Amino acid sequence: MCKVMAVLALVGLAAASPARAQELYKFSKEIQVGGGGGWDFLSIDAPAHRLYVAHATKVVVIDTQVGKVVGEIPDTPAVHGFAIAADLGRGFSSNGRENKVSIVDLKTLKLIQKVDTGENPDAILYEPSKKEVWVFNGHGKSASVIDAQTGKVVATIPLEGKPETGQADSKAGKVYVNMEDLNVVKELDIATHKVTGTWPIAPGEGATGLAFDAATHRLFVACDKYMVMMDSTNGKVVDTVPAGEGVDAAAFDPGTKLAFASAGETGIVTIAHEDSPALLKVVQTLKTRQGARTMTLDPLTHAIYLATTDYEPRPAGSKERPKAVAGSFRVLVYTMTK
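Going by numbering that gives the first Met the number 0, the sequence shown opens with residue 0, and the numbers climb by one from there.
Pasting the structure below:
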């Protein structure tokens, strides 16, 4: 049975039996990274078998076939994300502390140049039809659009609030970004670099992650306690499913029609199947690790990757943020059951 058929069979069984639902994904292995400091987005170049992890002041490069760190991109202060332009052989990191984007050679991992952005560049994506990089500036409340070939900023788009994750629909000529503090998704036009829509995500609030099904024009908005499915052609919310506390990242697998929302506070990934463009159904609540909030998915192997670290015990009743155990930073890998 081919992989996709096996997935559909599992999904069907999951819908019929809660016990079977727990068998869709399982823990596979850990990839040790080490080092101190925080982390943010994970990005994958599936054909090249490369996973890029934004970690403190560098981007860690992992070979997903052997499960080992094979390189790093240094001098990226408070890096948030990494966008991959495989057709150009270039990568782009959003360096939050210095308000710049680093452009690097994907083969050598060497710096080509740095580009000024708005304040606190955070999420970042590559839009291939115009060969542009869109970086969303958290404190700057804007998006900087960069020509990926020349490194020049071609537009700065005011967004009125704090942008989080973005997704591009090149065929529709649109970029979508969720606004964490406004509880909306904004639609941006690729050709004009203008805001063309503002769509409420209710009952969702505090959206962070965003994923996209290009085939059905559905956005999956990861919010606090919910995953919202939205029609990207008109901004209508068509379905919602519950998700955990502290939801952060979202992912969508076009081969299996599974949508994912990772929650670090509770250490779970909610996995839902897009039964139809109007129906989203939870098929598994995958237990991961506390703190495993950021996530990406490999569409070729269907594996999901989450970053986390161990934490020191806190006194009872303490409201302070837990301290990470030095050297315990790692990537968790979860794969589909056979």
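All C-beta atoms in this analysis are idealised placements derived from N, C-alpha and C, irrespective of residue type, glycine included. Predicted model only: the values in this text are computed from it and were never measured.
Q) Between which two residues does the beta strand (DSSP E) carrying residue 236 extend? A) 236-241
(Q) Looking at the strands, I want to know which residues DSSP matches up with residue 54. (A) 38 and 57
Q: Using the Cα positions of residue 284 and residue 269, report the straight-line distance between them to the nearest angstrom.
A: 5 Å
Q. Do residue 134 and residue 177 come within 8 Å of each other at the CB atom, strictly closer than that value?
A. no
(Q) Taking the straight line between their C-alpha atoms, what separation do you get for residue 209 and residue 334? (A) 21 Å
Q. In terms of residues, what are the limits of the beta strand (DSSP E) holding residue 278?
A. 278-286
Q: Can you give me the Cβ contacts of residue 168 inside the same chain, cut-off strictly under 8 Å, excluding the 5 residues immediately before and after it?
A: Scanning its chain for C-beta atoms nearer than 8 Å, with the 5 sequence neighbours on each side dropped, one finds around residue 168 the residues 174, 175, 211, 213, 216 and 231, in chain order.
Q. With DSSP run on the structure shown, which of helix, strand or coil describes residue 47?
A. helix
Q) Which residues in the same chain as residue 84 place their Cβ atom closer than 6 Å to its Cβ, once the five residues preceding and following it in sequence are excluded? A) 125 and 147
Q) Should residue 164 be labelled buried (16 or more other beta-carbon atoms within 10 Å of its own) or exposed? A) buried
Q) Which class does residue 120 belong to by DSSP, given the choice of helix, strand or coil? A) DSSP places residue 120 in strand when its eight states are reduced to three.
Q) From what residue to what residue does the beta strand (DSSP E) around residue 163 run? A) 162-168
Q. In chain order, which continuous runs of the beta strand (DSSP E) of length 3 or greater are located wholly inside the region 81-123?
A. 89-94, 99-104 and 110-115
**Q.** Closest residue to residue 60 among 261, 92 and 267 (Cα-Cα distance)
**A.** For the residues 261, 92 and 267, the minimum Cα distance to residue 60 belongs to 92.
**Q.** Where residue 199 sits in the DSSP three-state scheme
**A.** Strand.
Q | Inter-residue spacing [alpha-carbon to alpha-carbon] between residue 222 and residue 152 | A | 31 Å
Q: With a cut-off of 8 Å on the beta carbons, I'd call residue 139 and residue 160 a contact; round off their distance for me.
A: Not really, about 11 Å apart at Cβ, beyond 8 Å.
Q) Who does residue 153 pair with in a DSSP beta bridge? A) Residue 153 pairs with nothing; no bridge assigned.
**Q.** Distance, residue 304 Cα to residue 324 Cα
**A.** 20 Å
Q.
Taking the alpha carbon of residue 107 as the reference point, which residue from 95, 121, 100 and 90 has its own alpha carbon closest?
A. The shortest C-alpha separation from residue 107 is found at 90.
Q.
Quick check: what's the CA-CA separation for residue 30 versus residue 191?
A. 42 Å
**Q.** Residue from 115, 198, 226 and 328 with nearest C-alpha to residue 310
**A.** 328
Q) Just how far apart, CA to CA, sit residue 253 and residue 24? A) 16 Å
Q) What did DSSP end up calling residue 205 once you bin it into helix, strand or coil? A) Looking at residue 205 - three-state DSSP - the assignment turns out to be coil, as it is neither helix nor strand.
Q: Check whether the Cβ of residue 148 sits closer than 7 Å to any heavy atom of the ligand ATP, and report yes or no.
A: Although the ligand ATP was asked about, the structure shown includes no ligands whatsoever.
Q. Excluding the five sequence neighbours on either side, which residues of its own chain have a C-beta within less than 6 Å of the C-beta of residue 196, listed in chain order?
A. 186 and 234
Q.
Given a cut-off of 8 Å on the beta-carbon distance, is the pair residue 40 and residue 171 in contact?
A. no
Q: Express the C-alpha separation of residue 114 and residue 97 in angstroms, rounding to a whole number.
A: Just so you know, the alpha carbons of residue 97 and residue 114 end up roughly 10 Å apart.
Q | When 180, 203, 71 and 256 are compared against residue 282, the one with the closest alpha-carbon | A | 256
(Q) Assuming residue 300 is part of the beta strand (DSSP E), what are its boundary residues? (A) That residue, residue 300, is in no beta strand (DSSP E); it is neither H nor E in DSSP.
Q) Where does the unbroken beta strand (DSSP E) through residue 26 begin, and where does it stop? A) Residue 26: member of the beta strand (DSSP E) spanning 24-31, first to last residue.
Q.
Starting from residue 189, trace the beta strand (DSSP E) in both directions and tell me its first and last residue.
A. Note, residue 189: premise wrong, no beta strand (DSSP E); not H, not E.
**Q.** Check whether residue 306 and residue 293 have beta carbons under 8 Å apart
**A.** yes
Q) Going by Cα to Cα distance, which pick from 80, 81 and 51 is closest to residue 68? A) 51
Q) Is residue 79 helix, strand or coil by DSSP? A) strand
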